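Numbering (our numbering), first residue to last: 22 to 208.
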């Protein structure tokens, strides 16, 4: 209710045969509302592509660049708790849809910094949605890349999924909040 009072009516996300109703979560609602008119969106964590498809459908003027870990580059035994999918399943929900022409899918190395120079050539990002590896290291890496991409424009919206539930996300956000009080808002 507080979000609606502050930011206005939320867009309605209608489930259809090609994506599930769960994608109408509040974090995605916030992303869509706050990103409206801000430019391209970068998503960290494609998975099967349900969220990617919803973003592309509801921000029809924007390009969406979606990143996911290249499972072929993951060392055996690494990321046991993470849901890493084979490449043919990553993004399967938006493949062969009209929105696919505005979606760029990028596979990234599972460790080390993102190549933000290459990512900058893919779009002028006004918003980022982080829902990838929920380890502290993974969230910190994605956040660093997102901040770098957003600051090229001088402004932007950054939304983290699972900010209260997955171990690495709330730890990183607490550190950011401590270093920059008042800059984060829990929606």
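Every residue gets a Cβ at the ideal spot worked out from N, C-alpha and C, and that includes glycine. Remember, it's a predicted structure, so these values are computed and weren't measured experimentally.
- In the structure shown, residue 203 adopts coil according to DSSP, grouped into three states.
- Residue pairing by DSSP puts residue 125 in a beta bridge opposite 86.
- With a threshold of 16 other beta carbon atoms within 10 Å, residue 130 falls short and is exposed.
- When the five nearest sequence neighbours on each side are left out, the beta carbons in the same chain lying within less than 7 Å of the beta carbon of residue 115 are those of 70, 73, 74, 77, 121 and 124, in order along the chain.
- Per DSSP, reduced to three states, the secondary structure at residue 143 is coil, with no helix or strand assignment.
- Look at residue 68 here: in three-state DSSP terms it is coil, with no helix or strand label.
- For residue 178, the enclosing beta strand (DSSP E) has its first and last residue at 178-181.
- In the three-state scheme derived from DSSP, where H, G and I count as helix and E and B as strand, residue 111 is classed as coil.
- Taking a contact as a CB-CB distance under 8 Å, the pair residue 151 and residue 136 does not count as one, their CB atoms being some 17 Å apart.
- Per DSSP, reduced to three states, the secondary structure at residue 198 is helical.
- Residue 170 and residue 140 have their C-alpha atoms roughly 8 Å apart.
- In this structure, residue 178 lies near residue 55, with their beta-carbon atoms less than 8 Å apart.
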